[in-house]
Ligand SMILES: [Zn+2]
Ligand SMILES: [Zn+2]
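Residue numbers (UniProt numbering), protein chains in the order written: chain A, 1 to 431; chain B, 1 to 431.
See below:
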């Protein structure tokens with residue numbers, strides 16, 4: 001198993017946490033001293049970095065939300081003078097202005113280091129040829145991957161997205177071995193290859209792909225892997241945290257390693273902000289431990305996941321998160337309990353007899369109706385099977401969410417088919 | 001006057017030429033040993049790098065044309081193994097395939113060094129904010145500028161082209177001081193600013209712009225400078241030679257300095273390939289003196305210019321070329337003389353009373369008809385003025401081209417107005 005930085009990637013937990021603590025104290029002190037907005041927030045919360053005694057103490061510090069990024073915009077959260085930053089990246093914000101994240105030279109180099117770890121972790125090496133079909137520009141996706149690959153010594157083809165004919169010619173002419181691409185575009189490129197009668201296994205040298213920028217299912221991964229004859233790795237990132245490379249799958253593909261020497265992770269209840277133990281699903285909160293220009297403290301990602309704290313077979317000591325399960329904004333409340341549609345989905349997709357489509361209908365604050373399409377062959381007149389399936393669904397959802405749902409079994413095709421993002425929750429409640 | 005690398009930029013000619021010779025010998029030896037296609041070409045021409053005695057001896061070596069780039073495509077001209085290259089850039093070729101130029105890590109760094117010289121030469125410095133509105137991708141334009149600016153410590157906003165509303169917001173929000181942009185898009189952005197009632201001098205912090213990727217006239221430069229209240233610098237480059245940064249104007253703007261420690265330049269007669277002395281217009285031929293992965297020997301750029309060998313007031317010892325006057329493919333022959341439409345244009349634009357539009361019509365190999373639109377107020381019945389003007393035009397064209405033309409004076413609006421690139425030469429000759 002190759003490593004880019006074996007020492008740091010396999011640092012024993014105790015040492016890793018010691019490093020985290022030292023860096024956490026440093027970054028908290030830094031923003032307290034240099035960023036008026038952070039100082040005021042810390043003071044309002046009655047916390048002071050000098051009193052930090054353990055990693056756990058981070059829980060006393062205030063969160064940073066996307067709204068904080070617009071205070072003293074655009075340079076207000078910098079801990080260095082604007083002359084020290086060499087790169088701006090943005091992502092669409094909730095107001096008219098984009099979120100603006102600035103990088104110093106050290107930050108750019110560091111984000112490339114982290115991607116280099118990811119690339120080498122998946123088996124990429126000097127001699128590989130990476131066709132970067134993400135958009136180069138203000139979004140981080142293409143750039144951060146580009147710099148990381150360059151560091152490893154991989155040949156980068158800065159193709160950008162679109163012009164599928166040209167993408168295919170590049171793969172053929174230059175022997176592309178790795179794609180960095182969105183899942184939807186990967187599917188499209190694969191379909192064009194099939195239309196053209198080009199067998200990727202015979203005529204291309206593709207070995208693997210990194211998919212990002214859009215949510216996609218495990219089924220989509222399998223489908224693209226089969227169509228292209230390649231190995232696909234999930235990656236996780238957000239502009240506020242450098243872009244791609246925050247979390248990345250190792251070859252065991254049982255969750256995404258988060259580089260914990262650079263990011264302190266917490267999972268919280270998105271409603272209350274209370275910390276949740278490892279293994280429970282909640283909102284991912286990240287603190288940059290090694291960023292120079294624009295550190296972010298307890299940044300609320302709005303992404304739902306859970307921490308996998310069991311040691312990974314690959315030998316890396318950095319804990320993993322599960323595939324992102326959704327956005328915390330999707331959460332709803334029934335009987336006073338916070339529920340994520342993804343919890344329901346996880347349950348349903350694990351039950352034999354359940355088909356693809358389902359819908360959660362909320363008519364009151366006391367009841368959750370789950371409409372589930374099931375396999376057509378189950379509607380064969382033998383009602384016992386249906387009753388048993390319904391009971392199984394009710395019980396498993398109750399067990400996962402603590403709320404007993406009303407379940408309706410439907411024939412396939414009954415529920416509306418969505419174009420694009422499926423609308424899973426129909427909330428008919430007022431107030 | 002600030003310098004990025006004062007020692008090399010002001011190296012005395014004798015030392016500079018000594019450095020050129022050492023590097024020329026090295027690169028010729030390198031391609032002879034490592035590139036079968038070059039070895040064969042050298043052998044066919046009866047030349048051997050070991051016998052090189054002076055810079056002048058380069059004239060015995062064969063040219064490299066764009067057709068050579070497709071021999072043993074795509075890796076055939078590499079002097080390193082493909083594993084050593086980390087970047088591909090392409091530009092549209094004459095065949096279906098693009099020209100493919102590969103860069104090693106050293107080459108990427110070196111191209112950034114050369115751009116850093118250019119940027120600092122024009123007064124750019126740490127603290128500047130460069131909005132890079134060129135297309136990031138397979139073309140070199142945006143990337144090479146990006147890496148050079150990063151090296152200087154300039155904040156780069158990787159805007160890419162298009163989305164003019166956003167471009168303007170970026171300039172306003174982040175205080176952009178430098179634009180890297182095509183001339184046509186610069187004109188468009190300026191016009192949108194005017195429509196919106198935004199006064200660039202008051203509401204923006206723009207100081208200068210680098211225009212590239214399209215030919216444009218001195219009038220266009222002045223117009224954009226006036227509209228935006230900025231200083232515009234011409235730059236010259238081509239993908240085969242790293243992209244931008246081969247030639248760049250210094251603040252005196254009397255030609256573009258070519259970094260002669262990296263590029264050996266010659267001017268040749270594009271018909272015969274014979275060398276032309278400094279000052280004469282011909283095709284620019286460049287040899288890379290410091291490129292690792294893919295050196296090019298006597299590469300025919302097809303670009304027409306002349307060498308300005310007088311010392312520049314800025315103190316740089318690297319010779320200059322004039323603004324690119326056109327493509328050698330535009331050349332035509334009358335009475336056995338090679339003539340470039342740009343020679344005629346230069347003459348006409350310097351004569352008082354001549355308006356914007358003109359056309360060169362060729363009906364035989366012995367005569368050149370030049371149709372010239374002149375100012376409307378000259379058609380006032382006083383024929384003496386017209387006769388005098390016509391005589392002046394005939395004489396000045398004869399003096400510039402050695403061919404006496406037949407000149408026709410026309411009222412403005414008589415000649416067809418072209419959209420996009422003007423068709424200046426109407427060649428009606430057959431055979
Ligand atoms: Zn692992
Ligand atoms: Zn100069």
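All C-beta atoms, glycine included, are put in the ideal place defined by N, C-alpha and C. Being a predicted model, the structure only gives us computed values, none of them experimental.
| query | result |
| --- | --- |
| With a cut-off of 6 angstroms, give the chain-ordered residues whose Cβ is closer than this to any heavy atom of ligand 2. | 250/B, 252/B, 257/B, 312/B, 314/B and 316/B |
| What's the C-alpha gap between residue 97/B and residue 70/B? | 8 angstroms |
| Using a Cβ cut-off of 8 angstroms, pull out every chain B residue sitting near residue 85/A, in sequence order please. | 155 |
| Identify the contact partners of residue 159/B in chain A, using a Cβ-Cβ distance below 8 angstroms as the criterion. | 137 and 138 |
| Candidates 108/A, 32/A and 117/A: which alpha carbon is nearest residue 1/A's? | 117/A |
| One question on the structure: do residue 21/B and residue 88/A come within less than 8 angstroms of each other, judged by their Cβ atoms? | no |
| Mind checking the stretch 41–71 of chain A against chain B and listing, in chain order, the residues whose C-beta falls within less than 7 angstroms of any C-beta there? | none |
| Helix, strand or coil for residue 257/B per DSSP? | strand |
| For residue 97/B, which residues in chain A fall below 9 angstroms Cβ to Cβ? | 169 and 173 |
| Quick one: grab the DSSP three-state call for residue 89/B. | strand |
| Under the assumption that residue 86/B contacts residue 156/A (Cβ atoms under 8 angstroms), give the Cβ distance between them as a whole number of angstroms. | 6 angstroms |
| Where do the ends of the alpha helix (DSSP H) carrying residue 349/A lie? | 341–349 |
| If contact is defined by three or more beta carbon pairs under 8 angstroms, each pair taking one atom from either stretch, is the stretch 285–299 of chain B in contact with the stretch 235–250 of chain B? | yes |
| For the beta strand (DSSP E) holding residue 274/A, just list the boundary residues, first then last. | First-last for residue 274/A: undefined, no H or E at that position. |
| Can you tell me whether residue 402/B is buried or exposed, with buried defined as 16 or more other CB within 10 angstroms of its CB? | exposed |
| Which chain B residues are close to residue 150/A, counting only those with a beta carbon under 8 angstroms from its beta carbon? | 86, 87, 105 and 108 |
| Determine whether the beta carbon atoms of residue 61/B and residue 47/B lie at a separation below 8 angstroms. | yes |
| With 7 angstroms as the limit, tell me which residues of the stretch 109–132 of chain B have their beta carbon closer than that to any beta carbon of chain A; keep them in chain order. | 126 and 127 |
| Taking the alpha helix (DSSP H) that residue 216/A belongs to, which residues open and close that run? | Unbroken run through residue 216/A: none, as it is neither H nor E. |
| Applying the 10 Å Cβ sphere with the 16-neighbour rule, what's the burial state of residue 92/B? | exposed |
| Take residue 201/A and list the residues in its own chain whose beta-carbon comes closer than 7 angstroms to its own, dropping the five residues that flank it on each side. | 229 |
| Indicate the three-state DSSP secondary structure (helix, strand or coil) for residue 134/A in the structure shown. | coil |
| Closest by CA to residue 141/A, which one among 287/A, 160/A and 125/A? | 160/A |
| Can you tell which of 42/B, 83/B, 26/B and 115/B has its C-alpha closest to the C-alpha of residue 459/B? | As shown, chain B starts at 1 and ends at 431. That puts residue 459/B outside it, with no answer to give. |
| Which residue comes first and which comes last in the beta strand (DSSP E) that contains residue 234/B? | 231–238 |
| Tell me whether residue 332/B sits in a helix, a strand or coil according to DSSP, three-state version. | strand |
| When the Cα of residue 302/B is compared with those of 310/B, 316/B and 281/B, which residue comes out closest? | 281/B |
| Assuming the contact rule is C-beta atoms closer than 8 angstroms, residue 415/A and residue 371/A should be a hit. Round their C-beta distance to whole Å, please. | 6 angstroms |
| Would you be able to state if there are at least three C-beta pairs under 8 angstroms between the stretch 360–377 of chain B and the stretch 282–289 of chain B? | no |
| Using the Cβ count rule (16 or more neighbours within 10 Å means buried), how would you classify residue 121/B? | buried |
| Mark residue 393/A as exposed unless 16 or more other C-beta atoms lie within 10 angstroms of its C-beta, in which case mark it buried. | buried |
| For residue 107/A, does the count of other Cβ atoms within 10 angstroms reach 16, so buried, or fall short, so exposed? | buried |
| Name, please, each residue of chain B whose Cβ falls closer than 8 angstroms to the Cβ of residue 74/A. | 173 and 174 |
| Report the rounded CA-to-CA distance for residue 216/A versus residue 226/A, giving the unit in angstroms. | 16 angstroms |
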